[in-house]
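*Asks:* Residue numbers (my numbering): 0 to 417. Even for Gly, the Cβ is constructed at its ideal location relative to N, Cα and C.
1) So, is residue 145 buried or exposed, given that buried needs 16 or more other C-beta atoms within 10 angstroms?
2) Determine the contact status of residue 166 and residue 19, defining contact as a CB-CB distance below 8 angstroms.
3) Could you check whether residue 162 and residue 173 sit closer than 8 angstroms to each other, using their CB atoms as the reference points?
4) Which value, in whole angstroms, describes the spacing of the CA atoms of residue 321 and residue 213?
5) With distances taken from CA atoms, which of 372, 217, 175, 359 is nearest residue 303?
6) Taking contact to mean 3 or more Cβ pairs, one atom from each stretch, closer than 8 angstroms, check whether the stretch 32-41 and the stretch 71-86 are in contact.
7) Specify, as a first and last residue, the run of the beta strand (DSSP E) that residue 225 falls within.
8) Near residue 291, what residues of its chain come up, given a Cβ to Cβ distance below 7 angstroms and the 5 sequence neighbours on each side ignored?
9) For the beta strand (DSSP E) containing residue 252, name the first residue and the last one.
10) Quick one, are the C-beta atoms of residue 74 and residue 114 less than 8 angstroms apart?
11) Quick check on the burial criterion: 16 or more other C-beta atoms within 10 angstroms. Buried or exposed for residue 52?
12) Could you tell me how far apart the beta carbons of residue 364 and residue 261 are, in whole angstroms, since I believe they sit closer than 8 angstroms?
13) Please determine, among 254, 126, 325, the residue with the shortest C-alpha to C-alpha distance to residue 226.
14) Do residue 293 and residue 264 count as a contact pair if the criterion is CB distance below 8 angstroms?
15) Could you tell me whether the Cβ atoms of residue 171 and residue 159 are closer together than 8 angstroms?
16) Hey, how far is the Cα of residue 22 from the Cα of residue 397?
17) So which of 323, 220, 143, 319 has the shortest CA-CA distance to residue 341?
18) Using alpha carbons as the reference points, say which of 107, 100, 150, 93 lies closest to residue 76.
19) Terminal residues of the continuous alpha helix (DSSP H) containing residue 340?
20) Going by DSSP in three states, residue 102 sits in which element: helix, strand or coil?
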């Protein structure tokens, strides 16, 4: 990995892209410290530090600190996922998507509009829940604060699009990567502070670190795992030339949905708590009981979290891969899977393969996502980072390395005329 970065740094064009990414990241991190108008930052920071489990993970993914960028890139990611699903479910949007560059621009515009709506909803819920943290509470103060949060989200979305256009890889993924990376030193410091209190705690912290290193190795294994379906192309005569007869394969990842299944599960479990900010309820009420049951420390909430990861894994995969379309395209190009007849048998074979991979990927991602909860139950210590954060960090890091390798390969390829 280090050699890839070293080689990329030597090429001027790639070096400019890397410096541009660092500049955008510096602007973003500076913007995270711009405070929300009229809010008591000390009380808000204390609340954020006391968050645990799924709430802490949500804060790390958003990564906006305690300022106007608190919502971070989360509303934009949610909007992008929703638009991906709608383009499959709604024929009109699917037709727009197939219009090429113009269709892509329209879909992006719809995504931005949806981002504003989601940011307004989440920002309003957040400001209502933070109403006791303002110096001068009032409707005017709350409106200004919501506008500041929505503006911050649009600014982050703009930075993410700049990174995608002029940087390396997906800009939104890189921002999440930077958010989690910025929060890790605090989590490590908290673990160290717990460990130095007693030899028993030190042994527990050492066990956690060893377990997390093993988890990272497992994450790398899962991220790189794929099922390659062999494809053979038949030979055909065009004029006096013989074409075709080549062998290829269809790469299918172990978990096609990736970390999106975990993000969907987190968002759904957080929904009742967001509703409670709009409709405050007294302690011991039904809503508070539901929120308590959906917490990661509760066995029901942990089990539901795992079930939702499986559900969204299969749900997203069903929209992402169309076995019938893949089989038809293969048949049109004269390709076939050895031992499988073209047409319906091919689509059934691909569907069965994807179904089995979804089970394997769902199991792997459910295990990774449940690691912080299991460690907290067994060792009695709250872990500030766990399988999901390692999954995101490792996945984005591997993606950046792949992008650099592909760009290096393009610039070292001499071609036939050199």
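*Replies:* Checking against the coordinates, here is how it stands:
1) buried
2) yes
3) yes
4) 35 angstroms
5) 372
6) no
7) 225-232
8) 297
9) 246-252
10) yes
11) Unreliable placement is indicated for residue 52, whose pLDDT of 47 sits below 50; the coordinate value is still reported in the next sentence. Buried, since its Cβ has 16 or more Cβ neighbours within 10 Å.
12) 6 angstroms
13) 254
14) no
15) yes
16) 21 angstroms
17) 323
18) 107
19) Element bounds for residue 340: n/a, residue is neither H nor E.
20) helix
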